[in-house]
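Numbering-wise (our numbering), the sequence shown opens with residue 252 and increments by one. Don't be surprised by glycine CBs; every beta carbon is placed ideally from N, CA and C. It should be emphasised that the depicted structure is a prediction, and the values quoted were computed from it without experimental measurement. Worksheet for the structure shown next.
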Amino acid sequence: MRKYLRSFWLAIPVVAGIAFVSFKQDDRLFEIARNLDIYATLFKELNAYYVDEINPNQLIKTSIDNMLRSLDPYTVYYAEDDIEDYMTMTTGKYNGIGAIISSAEGKHTVMMVYEDTPAQKAGLQLGDEIVKINGVDISTREDFDTGKLLKGQTQSNVTLTLKRYGNTKPLEVSLNRDIVKVTNVPYYGMISEDVGYIDLKDFTATASREVRNAFQELKGKGMKSVVLDLRDNPGGLLNMAIEISNIFIAKGEEIVSTKGKVSEWNKTYTAYNPALDTEIPVIVLTNNRSASAAEIVSGVIQDYDRGVLIGQRTYGKGLVQTTRDLSFNTKMKITTAKYYIPSGRCIQAIDYSHRNDDGSVGKIPDSLMTEFKTKNGRIVFDGGGILPDIQTEKETYSPLATSLGRNRLFFDYAVKFHFEHPTIKPAKEFSLSDADYAAFTKWLGDKEYDYTTQVERDLNDLEASAKKEKSLEVIEDQLKALKSKLSHSKDNDLQIFKPEIKKILEEEIIKHYYLEKGLREASFKEDPEVKAALALFKEPARYNDLLKKK
């Protein structure tokens, strides 16, 4: 009897615990139902009595978007009209013409044309302004979504009316839409006699195959070392990150694990194929826009001491999203877990679960970062992205260059240059002469652009502080003299910053002739991370030393 009573009393806390969990769950479901009922009642009253007509789809989508945005930027709702955009994001494919269109100030301008697409085959050029689509005049509609009208079923026809620089009359171009595949690897090639380079810009469904094909082709050309460029790569599919890591990491090794609220979704993913090469020296390039899947690959390479990372600290997105199907052909991409790379660290930099009073979020402070170790015992940290083994400075531009770019003057001059020069030298060889640069500065003479230098901003701050502290009269004359002496001159600055401005203009012009591949080729000679990688490969002892425990 005593034994029975003991068992009975031991069972009480367990039963009570189950009841408590059940109560909490029922309580939460009641709160959800109650608030959904309030929302439905509110919307019904709004629809019936609001002074103007409302658009239910638009208004509800706005409320959903704002609700999800309060959680994190990656939990996203896709309405039925947006499903094609979702499919493009995951597969890299869409039905359209293969051009990037910028819509600003009532102009819809072709900013890029993808290779081997209907747009390129039809002869669309960068700088072409689309004024009509299938006879519909869009020339004065700033809020018009040209993308939706340009997309359509494969082999369906679309007619564009264009304004082209140097042509007095509009042009009509007829295209048949087709499947456009935006490649994950826009460029790969040999950048020295024995160093290969693979530029990976996305992680859609074909990313692994593209990287593998590029890697094998470059090995066939004599590649002895490889640079994997993950700069500006926002990430994508988790399985692609696993497969690409597996190119360099042996079968059976852990790649990444995920942990979330739903325990049965917690998984550990290992390399399930034989690696293509576990010995070839690898350098991975990163910057602060390398995120998510790009951070998994770079983190795996670092954690296994499989290669050297060069560049800037990565973005710090350690969250996993899962797509859930909703009713009426809608979807939601929802954050379901955090991911952890082989050393055990989660590199998530922003803590969305703890917001400030104003709703803003902050990065995890250095004091809360935890120390982990790579396979060789090198110290690495969590909570702030991936820190490269060799850090380089983020490229910055002068206020003059920023202003010229913001006002699209590099682009507009490249359109003019392309019209006046039917051909130029290959991308790797092209450069502007001093006379060419002088022609550009002359062309800028009547163009509107301005900027404020850092020194001018500092002087303005000093003046504001002096006013606030009632001491402006004491330094007013000196301030005016300094402002007069340090006031920028556009003509002088165009000469002071000539190397920078000339480089940007050359790359913009090359893009108009050779598109994205040409632009990448042209950038190698001035690319600080690529130059650092080539220099390191020439010092194998230093390369190996960087991967050893300090």
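Would residue i and residue j be called neighbours here (beta carbons separated by less than 9 angstroms)?
i: Glu767; j: Gly440; result: no
i: Ser541; j: Thr573; result: no
i: Tyr590; j: Ile547; result: yes
i: Tyr337; j: Lys312; result: no
i: Leu193; j: Phe454; result: The displayed coordinates of the chain run from 252 to 801. Any statement about residue 193 would go beyond what the structure contains.
i: Asp379; j: Leu413; result: yes
i: Val706; j: Ile442; result: no
i: Ile430; j: Thr410; result: no
i: Phe788; j: Lys679; result: no
i: Asp870; j: Leu770; result: Residue 870 is absent from the structure shown; the chain starts at 252 and stops at 801.
i: Gly613; j: Gly567; result: no
i: Pro532; j: Lys475; result: yes
i: Phe632; j: Thr625; result: no
i: Gly562; j: Thr434; result: no
i: Thr529; j: Phe499; result: yes
i: Gly357; j: Thr397; result: no
If I'm right that residue i touches residue j with Cβ under 8 angstroms, what's the distance once you round it to whole angstroms?
i: Lys452; j: Asp483; result: 7 angstroms
i: Ile348; j: His359; result: The pair is not a contact, with the Cβ atoms about 13 angstroms apart (cut-off 8 angstroms).
i: Tyr345; j: Phe670; result: Tyr345 to Phe670, Cβ: 30 angstroms. No contact.
i: Val436; j: Glu461; result: 4 angstroms
i: Pro369; j: Leu426; result: 4 angstroms
i: Lys800; j: Arg596; result: Their Cβ separation, rounded to whole angstroms, is 17 angstroms, which puts Lys800 and Arg596 out of contact at 8 angstroms.
i: Asn325; j: Leu570; result: In the sequence as presented, Asn is not what sits at residue 325; that position holds Tyr. Right, their Cβ atoms sit about 6 angstroms apart.
i: Ile495; j: Ser459; result: 5 angstroms
i: Leu730; j: Thr692; result: Contact flag wrong, Cβ pair sits at about 31 angstroms.
i: Leu560; j: Ser578; result: So it is not a contact: roughly 44 angstroms between Cβ atoms.
i: Arg463; j: Leu527; result: 7 angstroms
i: Ala652; j: Glu714; result: That pair is no contact at about 26 angstroms.
i: Ile334; j: Lys582; result: 7 angstroms
i: Pro779; j: Thr643; result: 5 angstroms
i: Leu377; j: His672; result: At roughly 14 angstroms, the Cβ-Cβ gap does not stay under 8 angstroms, so Leu377 and His672 are not in contact.
Return helix, strand or coil for residue i, following the three-state DSSP convention.
i: Gly562; result: strand
i: Ser425; result: strand
i: His669; result: helix
i: Glu366; result: coil
i: Arg793; result: helix
i: Glu622; result: strand
i: Glu282; result: helix
i: Arg253; result: Any reading at Arg253 needs caution, since the residue's pLDDT is 41, under 50, leaving its predicted position unreliable; the model's value is listed next. If DSSP states are grouped into helix, strand and coil, Arg253 belongs with the helices.
i: Val272; result: Note that Val272 scores a pLDDT of 48, beneath 50, so its modelled location is shaky and nothing firm can be said.
i: Tyr290; result: helix
i: Val612; result: coil
i: Val436; result: coil
i: Asp480; result: strand
i: Gly656; result: helix
i: Ser459; result: helix
i: Lys645; result: coil
i: Asn346; result: strand
i: Val302; result: coil
i: Asp602; result: coil
i: Phe828; result: Residue 828 is absent from the structure shown; the chain starts at 252 and stops at 801.
i: Gly398; result: helix
i: Lys452; result: coil
i: Leu322; result: coil
i: Met474; result: coil
i: Lys295; result: helix
i: Glu444; result: coil
i: Lys510; result: strand
i: Thr405; result: coil
i: Glu505; result: strand
i: Glu380; result: strand
i: Glu676; result: The amino acid at residue 676 is misidentified as Glu; the sequence shows Lys. Coil.
i: Ile637; result: coil
i: Gly486; result: coil
i: Ala355; result: strand
Taking 8 angstroms as the cut-off, is the C-beta of residue i nearer than that to any heavy atom in the ligand SAM?
i: Asp278; result: Because no ligand of any kind appears in the structure shown, any question about the ligand SAM cannot be addressed here.
> Mind pulling the beta strand (DSSP E) runs of 3 or more residues that sit fully within the region 514 to 599?
Replying inline: 518 to 521, 533 to 537, 559 to 562, 570 to 576 and 582 to 591
Query raised in the report: Touching or not, the region 554 to 561 and the region 295 to 315, by the rule of three or more beta carbon pairs under 8 angstroms?
Result: no
task: Jot down the residue ranges of each uninterrupted alpha helix (DSSP H) in the region 712 to 789, minimum 4 residues, whole runs only, in chain order.
output: 723 to 737, 741 to 747, 749 to 774 and 779 to 788
Three or more beta-carbon pairs under 8 angstroms between the region 507 to 527 and the region 587 to 606, yes or no?
yes
- Task: Please confirm if the region 601 to 608 is in contact with the region 518 to 531, defined as three or more CB-CB distances below 8 angstroms between the two stretches.
- Result: no
Check your understanding: Should the region 736 to 752 be regarded as contacting the region 698 to 710, the criterion being three or more beta carbon pairs within less than 8 angstroms?
Key -> yes
*Within the chosen definition, does the region 472 to 481 reach the region 531 to 541 through at least 3 CB pairs nearer than 8 angstroms?*
yes
Would you check if the region 680 to 695 and the region 751 to 761 touch, i.e. whether three or more CB-CB distances between them fall below 8 angstroms?
yes
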